[in-house]
Amino acid sequence: MEDHIIIGVDLHGEWVENPTRYTWRSKGRETVPIKISENVTYDELVNIIVSRFELDCDKNDLSISYMLGFIEKQKGAHSRIRNDLNLRFFLDDQSRPILRISVVEKIIETTNSVVNDEEHPVTMDIPINEEASLHPISTQGSRYTDDDGTYFYKGKIFKDKQELTKLLKLASVKKDQRFKSVKSSKDVYCARCVDQNCDWWLRATKLKSCNRFEITKYRNIHSCGAQHLTSHHPHASVDVIAEYIQPNYLNGKGPSTKDIKNIVEADLGCKISYWKCWKSSEIAKAMIRGTPEHGYAVLDGYRHMIMTINEGSKTSLKLDDKGRHPSIEKTLSKFYSEAYHGCCTRHLGENARKNFHCGAFLGHYYHATKAYRRDVFHDHFEQIRIINAEVADYLENVGFHKCSRAYFPGNRYDVLTSNIVESVNAMFNEAREFPIIALFNDISKRWSEKSDERRMAYAKLKITFVPSTETKIMANKSLGNKLLVHQIDEDTFSVTADNGIAMVHLRSKICSCREFDLDKIPCQLAMAALRYKFGDEYGKMIYEYSSPYYKVESYILAYADPIYPVPAEEFWNLPLEILERVIPPPEKKTKLGRKRLKRVPTIGEVVS
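Numbering (the UniProt record's numbering), first residue to last: 1 to 608.
Shown next, in the form of structure tokens:
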């Protein structure tokens, strides 16, 4: 498979010479990443950039200097981009591009010119220095500003005219100034102060090679008075407010409508209505997370990118005739064929108590669900039937295989409640209100963080099994030391306990109590048999007769594979059939009133 690298492309900027070094002055607002082959030639790179950015210029007029590495002369007529990068491209949590540029010492009387061929010389304006430090360039605009505090200056470049006007309105709100548009066409935009006698003036023109606009004339001094000022700024539109508050939604839920009103009044000094606060928050959230409709439309493409970036991932997308999924349970059974569906024993018991107005059965119910042996289960279940026959019928209809350890077809590994699900729900309490793609991105981010956290924590452990299992082993070991053992053959033992005699088969790793069989850890009876057979060495043999899934190294392997985030949509590379497939959002009937965000607590549940 051909190796690829990510390079950052900044089409508009210049090198500025300082007394001791060169620094890059970016006139654009963003640096765009593109994926290229590691063995790309210079001519191929030029073609990629011209095509990717739809540049309206001759290829010979395109000058490429100091990108991610440098172009190195190779044997023959080809050159390639070196992979020992001095410029590196990073993706933050929201998959937004950040370019970090190496600022190196300027070497006088040194010329680094690497010639690719006779037609396309490539001049390196700055010598490569492996010990150079990295200095970040802000993606929110140039650091070079005039003293008016608006971050506007002659030569500044914007992505398009819409971005120019939006940021101009935001700057006017911040400075409590007013302006009006005097000319707005596809190639030119001019604005001046609302006061005809004021000197403030701005003119921007469209660049020939793309849709970007550049400020060509700018007089930044307002010579007008305060007669035009009002408490409600005319430029404080919902789009402008959304542009200002959208960074607050990068992480977490973001500010409430009341918080937005306070932020705007405190930071921008203008009053806005409740509706404008709410609408601004909706636009800001859509800017960061996308809309629900768009999320479903590109869901298949997102699924494709997950499998491309994270090899080995399993996904399934099933739709009915209206575009909704038919069955999540069927999908789970497809990829997890050895997993079985079980009920949370606590919720099931509390639901039965609520529905049948009876709590006297709960003691026998919990003993029955936790029992390892089926005869013990039935002893308690018959007591439930005596107490309340309707509860017994209800549990039978649910199915013993779903609510009891003894009848469960798989192995529950001592997991009888849905506490882990409740913990996961708490993790995504805010994100579950996001559009579907933003939700998946947050899940991916959280799992990646948890994987790193768990992997580092378990790597520091000096024990064989994970701590919870080691604790259980020590408890069973202590109880087993008090039991009497009789050896029947090489691997079969009878063990006398308080409730009678039990049979233990070490080679098969089973015990008549069934705890050894189901938990995959030697029970107290098996511990007694191991001690009898191996004597002083039996402590080491405990791990040999336990499941390897409990080993620390197994847990580390479970968290070993990194989870890579899916990049922004503009960088997706999708097959044609996926591009043409559009999934509609699910049909939803909006109910009157506020949406319930918290589940109804179970009877007896303590809510903090």
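Each residue gets a CB set at the ideal place from its N, CA and C atoms; glycine is no exception.
Legend entry - N- and C-terminal bounds of the alpha helix (DSSP H) containing Leu525: Stepping through the sequence shown from its first residue, residue 525 is reached at position 525. Start and end: 524 to 534.
Inset, instruction - Just confirm the distance between the C-beta atoms of Leu439 and Leu483, as a whole number of angstroms; I'd bet it's less than 8 Å. - result: Here residue 439 refers to the residue found at position 439 of the sequence shown. Here residue 483 refers to the residue found at position 483 of the sequence shown. With 8 Å as the limit, Leu439 and Leu483 do not qualify as a contact, their Cβ atoms being about 52 Å apart.
Legend entry - Secondary structure of Phe440, DSSP reduced to three states: Residue 440 sits at position 440 when you count from the first residue of the sequence shown. Reduced to three states, the DSSP call for Phe440 is helix.
Legend entry - Beta bridge counterpart(s) of Gln487 as assigned by DSSP: Your numbering for residue 487 matches position 487 in the sequence shown. Answer by DSSP bridge pairing, in chain order: Phe493.
Inset, instruction - Measuring alpha carbon to alpha carbon, tell me which of Tyr340, Tyr189, Ile387 ends up nearest Gly363. - result: Your numbering for residue 363 matches position 363 in the sequence shown. Looking at Tyr340, Tyr189, Ile387, the one whose alpha-carbon comes closest to that of Gly363 is Ile387.
Legend entry - Extent of the continuous alpha helix (DSSP H) run through Ile165: Here the question's residue 165 lines up with position 165 in the sequence shown. It is worth fixing the name first, because residue 165 is Thr in this sequence and not Ile. Run containing Thr165: 161 to 175, per the alpha helix (DSSP H) assignment.
Legend entry - Straight-line gap, Val9 to Glu587 (C-alpha atoms, nearest Å): Here residue 9 refers to the residue found at position 9 when the sequence shown is read from its first residue. Here residue 587 refers to the residue found at position 587 when the sequence shown is read from its first residue. Those two C-alpha atoms are separated by around 42 Å.
Legend entry - Given Phe567 as reference, the closest of Lys285, Ser280, Asn441, Ser423 once Cα atoms are compared: The sequence position of residue 567 within the sequence shown is 567, counting from 1. Looking at the sequence shown, residue 567 is not Phe but Pro. That would be Asn441, whose Cα lies nearest to the Cα of Pro567.
Legend entry - Reduced DSSP secondary structure (H/G/I, E/B, other) of His505: Position 505 of the sequence shown holds residue 505. His505 falls in the strand class under three-state DSSP.
Legend entry - Buried versus exposed call for Glu284 [16 or more other C-beta atoms within 10 Å across all chains shown]: Walking along the sequence shown from the start, residue 284 turns up at place 284. Per the sequence shown, the amino acid found at residue 284 is Ala instead of Glu. Counting the other Cβ atoms within 10 Å of the Cβ of Ala284 gives 16 or more, which makes it buried.
Inset, instruction - Give a yes or no on whether the C-beta atoms belonging to Glu430 and Lys253 are separated by under 9 Å. - result: Taking the first residue of the sequence shown as 1, we reach residue 430 at position 430. Taking the first residue of the sequence shown as 1, we reach residue 253 at position 253. Contact flag set, yes.
Legend entry - 6 Å CB neighbourhood of Arg507 in its chain, flanking five on each side removed: As a working note, residue 507 is residue 507 in the sequence shown. Close CB contacts of Arg507 within its chain, under the 6 Å cut and outside five residues either way in sequence, are with Asp491 (chain order).
Inset, instruction - Could you spell out the range, first to last residue, of the beta strand (DSSP E) harbouring Ile583? - result: The residue you call residue 583 lines up with position 583 of the sequence shown. That residue, Ile583, is in no beta strand (DSSP E); it is neither H nor E in DSSP.
Legend entry - Cβ distance (whole Å) where Ala371 is taken to contact His380 below 8 Å: Position 371 of the sequence shown, counted from the start, is the residue given in the question as residue 371. Position 380 of the sequence shown, counted from the start, is the residue given in the question as residue 380. Indeed they touch by this definition, with Cβ atoms about 7 Å apart.
Legend entry - Which listed residue (Arg353, Met503, Asp519, Pro247) has its alpha carbon closest to that of Ser468: Locating residue 468 in the sequence shown gives position 468, where the first residue counts as 1. The residue with the shortest Cα to Cα distance from Ser468 is Asp519.
Legend entry - Reduced DSSP category for Thr150 - H, G, I as helix; E, B as strand; rest coil: By 1-based counting over the sequence shown, the position of residue 150 is 150. Thr150 falls in the coil class under three-state DSSP.
Inset, instruction - Compare the Cα-Cα distances from Ala191 to each of Arg219, Arg212, Glu553, Lys174 and report the closest residue. - result: Residue 191 sits at position 191 when you count from the first residue of the sequence shown. Distance check between Ala191 and each of Arg219, Arg212, Glu553, Lys174 places Arg219 closest, using alpha-carbon atoms only.
Inset, instruction - Please look up how many angstroms separate the CB atoms of Asp176 and Leu229, rounded, as I've assumed it's under 8 Å. - result: As a first step, residue 176 must be located in the sequence shown, where it is residue number 176. As a first step, residue 229 must be located in the sequence shown, where it is residue number 229. So it is a contact: roughly 6 Å between Cβ atoms.
Legend entry - Buried/exposed call for Asp300, threshold 16 Cβ in 10 Å: In the sequence shown, counting from the first residue as 1, residue 300 sits at position 300. Classification of Asp300: buried, given that the 10 Å Cβ count is 16 or more.
Legend entry - Residue nearest to Glu570 in terms of C-alpha spacing, selected from Thr257, Tyr302, Asn411, Leu202: Position 570 of the sequence shown holds residue 570. Minimum Cα distance to Glu570 is reached at Tyr302.
Legend entry - Own chain residues within Cβ distance below 7 Å of Ile306, not counting five before or after: Counting from one through the sequence shown, the residue named residue 306 turns up at place 306. If we look at Ile306 and ignore the five residues flanking it on each side, its Cβ neighbours are Ser313, Thr315, Val566.
Legend entry - Inside the segment 419 to 481 only - beta strand (DSSP E) runs reaching at least 3 residues: Fully enclosed beta strand (DSSP E) runs of 3 or longer: not present.
Inset, instruction - Answer yes or no: do Arg454 and Tyr559 have a C-beta to C-beta separation smaller than 9 Å? - result: Position 454 of the sequence shown, counting from 1, holds the residue named residue 454. Position 559 of the sequence shown, counting from 1, holds the residue named residue 559. Cβ distance < 9 Å, so Arg454 and Tyr559 count as in contact.
Legend entry - Selection from Arg203, Met427, Cys224 that minimises the alpha carbon distance to Thr216: Counting from one through the sequence shown, the residue named residue 216 turns up at place 216. Among Arg203, Met427, Cys224, the Cα nearest to that of Thr216 is on Arg203.
Inset, instruction - Determine the closest residue to Leu268 out of Gly535, Tyr458, Asn197, Val173, with distance taken between C-alpha atoms. - result: Within the sequence shown, numbered from 1, the residue matching residue 268 stands at position 268. Ranking Gly535, Tyr458, Asn197, Val173 by Cα distance to Leu268 puts Val173 first.
Legend entry - Val9, DSSP secondary structure in three states: Here residue 9 refers to the residue found at position 9 when the sequence shown is read from its first residue. Strand.
Inset, instruction - Following the continuous beta strand (DSSP E) through Tyr555, name the residue where it begins and the one where it ends. - result: As a position in the sequence shown, residue 555 is number 555, starting the count at 1. Not the beta strand (DSSP E): Tyr555 falls in the alpha helix (DSSP H), residues 552 to 558.
Inset, instruction - Please confirm whether Leu170 and Tyr244 have their CB atoms less than 9 Å apart. - result: On the sequence shown, position 170 is the one that residue 170 refers to. On the sequence shown, position 244 is the one that residue 244 refers to. The Cβ-Cβ distance between Leu170 and Tyr244 falls below 9 Å.
Inset, instruction - Look up residue 652 in the DSSP assignment and give the residues it is bridged to. - result: The chain is shown only over 1 to 608; residue 652 falls outside these bounds and no answer can be derived.
Legend entry - Paired residues, beta bridge with Thr205 - DSSP: The count along the sequence shown starts at 1 and reaches residue 205 at position 205. Paired residues: Val188, Glu214.
Inset, instruction - Quick one: using the 10 Å Cβ neighbour count with 16 as the cut-off for buried, is Val582 buried or exposed? - result: Along the sequence shown, one-based indexing puts residue 582 at 582. It is exposed - the Cβ of Val582 has fewer than 16 other Cβ atoms within 10 Å.
Legend entry - Collapsed DSSP secondary structure at Cys403 in the structure displayed: Counting from 1 along the sequence shown, the entry for residue 403 is found at position 403. Helix at Cys403.
Legend entry - Counted within 10 angstroms of its Cβ, other Cβ atoms place Phe377 as buried (16 or more) or exposed: Here residue 377 refers to the residue found at position 377 when the sequence shown is read from its first residue. By the 10 Å Cβ count, Phe377 comes out buried.
Legend entry - Rounded C-alpha distance that separates Ala242 from Asn573: Taking the sequence shown and counting its residues from 1, the one referred to as residue 242 is at position 242. Taking the sequence shown and counting its residues from 1, the one referred to as residue 573 is at position 573. Inter-residue distance for Ala242 and Asn573 is about 30 Å (C-alpha atoms, whole angstroms).
Legend entry - Ser181 in three-state terms, based on DSSP: Position 181 of the sequence shown, counting from 1, holds the residue named residue 181. In the structure shown, the three-state DSSP call for Ser181 is strand.
Legend entry - Residue interval of the alpha helix (DSSP H) (run including Gly539): In the sequence shown, counting from the first residue as 1, residue 539 sits at position 539. Here the alpha helix (DSSP H) through Gly539 covers 538 to 544.
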